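Note that the protein sequences, when read in sequence, are chains B and U. Using this note's numbering, read the first sequence as starting at 1 and increasing by one per residue. Using this note's numbering, read the second sequence as starting at 124 and increasing by one per residue. Even for Gly, the Cβ is constructed at its ideal location relative to N, Cα and C. Just so we're clear, the structure is a prediction, and the values are computed from it rather than from any experiment. I have placed the structure first, in the form of structure tokens, so that the comments after it can refer back to it.
Protein chains: 2
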Amino acid sequence: MRWELKSDRPIYTQLTEQIELMIFSGVYPLGSKLPSVRDMAQDAAVNPNTMQRALAKLEEDGLIITHRTSGRSITEDARMVEIAKIKLAQEQISEFLEKMQLLGFEQKEVLTIIDNMVKEMKN
Amino acid sequence: MRWELKSDRPIYTQLTEQIELMIFSGVYPLGSKLPSVRDMAQDAAVNPNTMQRALAKLEEDGLIITHRTSGRSITEDARMVEIAKIKLAQEQISEFLEKMQLLGFEQKEVLTIIDNMVKEMKN
DNA sequence: ATTATTGTATTAAGATACTAATACAATAAT
DNA sequence: ATTATTGTATTAGTATCTTAATACAATAAT
Chain B
1 MRWELKSDRP
11 IYTQLTEQIE
21 LMIFSGVYPL
31 GSKLPSVRDM
41 AQDAAVNPNT
51 MQRALAKLEE
61 DGLIITHRTS
71 GRSITEDARM
81 VEIAKIKLAQ
91 EQISEFLEKM
101 QLLGFEQKEV
111 LTIIDNMVKE
121 MKN
Chain U
124 MRWELKSDRP
134 IYTQLTEQIE
144 LMIFSGVYPL
154 GSKLPSVRDM
164 AQDAAVNPNT
174 MQRALAKLEE
184 DGLIITHRTS
194 GRSITEDARM
204 VEIAKIKLAQ
214 EQISEFLEKM
224 QLLGFEQKEV
234 LTIIDNMVKE
244 MKN
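Shown next, in the form of structure tokens:
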């Protein structure tokens, strides 16, 4: 695994995102076992606690399951993954819309502007 | 002026946003003079430096002009205000789209999801 | 029963960011 | 010319967040 870790944001956040993506994309299939915290930490050249913190978030969201003394595994439940994906998206969107609203933009306006920006990017 | 200052985000950021909104909404009309840093700081119950930092951002964006020893005023240029408003929106949107992309969402998907969320909110 | 491996809790160190205190500089007002 | 008012620079204190070091606890493996 190639870890992309920049220093402009917390390491653990980036780890969480990247692992989450690996789950979404099937690098870690449903029900498969994860390496130990220590191994993953070493692989990412990071302290075990940092990796643990990254994993804790994924556990909160129900993506991975912890077996006290025999490691962690990805959930068997495909819906869980889908739900997590959508939940994540909605969190981002809500946060974003709130900001925009705070800045005085109507939701309609926001949609229009995004639509235009997306169209422009395609050129 | 009623300042809404929570402690979950930097004070200066919140000040900037609120002043910006006041400019957008005409509370401070084009060309009008702003109170002194010290007065505004006292009004918001904040250290002058904090208020100054908030104002610095607005100056960067060309919304306000500093007259070395005779205070600050709002720009006369209506386009400046409009540009600032759009710039602000685009910054937010870019940042947002990047995040979503990082999480594995296509821009089309993003538009669809937002569209649905906005529609749901209206119910 | 012992050992090795797993996750976890606690504490401390380090870094960063925010705010405040203070002193300085420039100039408009008098 | 003096004074009061303006913005600004510098420094320091405080808080918070992130990461690491270390020790603990539970149990699967032997």
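- Message: By the three-class DSSP mapping on this structure, what secondary structure does residue 191 of chain U have?
- Response: By one-based count along the second sequence, residue 191 of chain U stands at place 68. If DSSP states are grouped into helix, strand and coil, residue 191 of chain U belongs with coil.
- Per-residue burial, residue 4 of chain B [other beta carbons within 10 Å of its own, 16 or more giving buried]: Here residue 4 of chain B corresponds to residue number 4 of the first sequence, with the count starting at 1. Residue 4 of chain B is exposed by the Cβ-count criterion.
- Hey, is residue 121 of chain B close to the ligand GDP, as in C-beta under 7 Å from one of its heavy atoms? Among the components of this structure there are no ligands whatsoever, and the ligand GDP is therefore not found.
- Message: Could you check whether the Cβ of residue 203 of chain U sits closer than 8 Å to any Cβ belonging to chain B?
- Response: By 1-based counting over the second sequence, the position of residue 203 of chain U is 80. Closer than 8 Å: no.
- Item | Cα-Cα separation, residue 61 of chain B to residue 139 of chain U | Reading the first sequence from its first residue, position 61 is the one you call residue 61 of chain B. Reading the second sequence from its first residue, position 16 is the one you call residue 139 of chain U. Rounded to the nearest angstrom, the two C-alpha atoms are 34 Å apart.
- Just the Cα atoms here: how many angstroms apart are residue 58 of chain B and residue 243 of chain U? Looking up residue 58 of chain B in the first sequence gives position 58. Looking up residue 243 of chain U in the second sequence gives position 120. Annotation: residue 58 of chain B to residue 243 of chain U spans about 27 Å, alpha carbon to alpha carbon.
- For residue 252 of chain U versus residue 100 of chain B, is the C-beta spacing smaller than 8 Å? Nothing in the structure corresponds to residue 252 of chain U, since chain U is present only between 124 and 246.
- Query: With a cut-off of 8 Å, do at least 3 Cβ pairs link the segment 148 to 157 of chain U to the segment 193 to 205 of chain U?
  - Reply: yes
- Hey, could you find the ends of the alpha helix (DSSP H) residue 169 of chain U is sitting in? Stepping through the second sequence from its first residue, residue 169 of chain U is reached at position 46. Residue 169 of chain U -> no alpha helix (DSSP H), and no H or E assigned at all.
- Can you name, in chain order, every residue of its own chain whose Cβ lies under 7 Å from the Cβ of residue 85 of chain B, other than the five neighbours on each side? Within the first sequence, the letter at position 85 stands for residue 85 of chain B. The residues are 24.
- Query: Residues of chain U with a CB under 9 Å from the CB of residue 15 of chain B: which are they?
  - Reply: In the first sequence, counting from the first residue as 1, residue 15 of chain B sits at position 15. By Cβ distance, chain U contributes nothing, its closest Cβ being about 13 Å from residue 15 of chain B, past 9 Å.
- Message: Which residues in chain U have a C-beta closer than 8 Å to the C-beta of residue 104 of chain B? List them in chain order.
- Response: Within the first sequence, residue 104 of chain B is the residue found at index 104, counting from 1. Chain U residues near residue 104 of chain B: 144, 147, 148 and 208.
- Query: Do you know how far the Cα of residue 94 of chain B is from the Cα of residue 80 of chain B?
  - Reply: On the first sequence, residue 80 of chain B is found 80 positions in, with the first residue counted as 1. On the first sequence, residue 94 of chain B is found 94 positions in, with the first residue counted as 1. Each residue's Cα considered, the two are about 20 Å apart.
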